[in-house]
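Novice:
Residue numbers (the numbering used here): 2 to 109.
(1) Decide if residue 83 is buried, meaning its Cβ has at least 16 other Cβ atoms within 10 Å, or exposed.
(2) In angstroms with no decimal places, state the Cα-to-Cα distance between residue 71 and residue 36.
(3) Does the segment 18-32 come within contact of the segment 52-64, defined as at least 3 CB pairs closer than 8 Å?
(4) Starting from residue 26, follow the beta strand (DSSP E) in both directions and report where the run begins and ends.
(5) When DSSP builds the beta bridges, which residues end up paired with residue 33?
(6) Got a sec? Which residues, its chain only, sit under 8 Å from residue 41 by beta carbon, not counting five neighbours each side?
(7) Should residue 76 and residue 57 be called a contact, given that it needs their Cβ atoms to be closer than 8 Å?
(8) Looking at the C-beta of residue 106, does it have a partner C-beta in chain B at a distance below 8 Å?
(9) Between which residues of its own chain and residue 31 is the CB-CB distance below 6 Å, once the five residues before and five after are set aside?
(10) Using the Cα positions of residue 66 and residue 105, report the straight-line distance between them to the nearest angstrom.
(11) Look at residue 61 and residue 89 and say whether their C-beta atoms are less than 8 Å apart.
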């Protein structure tokens with residue numbers, strides 16, 4: 002077969018500066034799609050929804066309109082620390098998944 006022709010009205014994602022772009026990011030035992038916006042890419046992590054993802058990015062001072070593949074290693078490390086320790090970053094307890102654990106009585 003010949004070359005693939007794309008329909009002119011189909012939307013494609015053009016990535017500027019692709020040398021610093023990661024298409025797949027491995028975070029907390031989960032693969033994140035680098036082409037998605039950061040807020041929606043974080044929802045692939047078990048227990049992280051859109052609301053808490055939005056709040057995590059605001060606490061980490063990361064623009065919500067950036068793509069996940071554009072984040073630096075330092076920004077991803079900050080996001081991971083906030084996901085792992087939400088109480089240290091003033092995330093409300095009512096927003097957490099496991100409120101008042103029956104074994105130790107703490108929220109996580």
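Quick reminder that beta carbons are idealized off the backbone N, C-alpha and C, glycines included.
Specialist: In short:
(1) Under a 10 Å Cβ-count criterion, residue 83 is classified as buried, with 16 or more other Cβ atoms of the shown protein chains found around its own Cβ.
(2) Going from the Cα of residue 71 to the Cα of residue 36 covers about 9 Å.
(3) With the cut-off at 8 Å, the segment 18-32 and the segment 52-64 do not touch.
(4) Looking at the DSSP string, the run of the beta strand (DSSP E) that includes residue 26 is 25-28.
(5) Paired residues: 26.
(6) Result list for residue 41: 51, 54, in chain order.
(7) Not a contact, by the Cβ cut-off of 8 Å.
(8) In the structure shown, chain B cannot be found, because there is only a single protein chain.
(9) If we look at residue 31 and ignore the five residues flanking it on each side, its Cβ neighbours are 45, 46.
(10) Roughly 38 Å separates the two Cα atoms.
(11) In this structure, residue 89 does not lie closer than 8 Å to residue 61 by Cβ.
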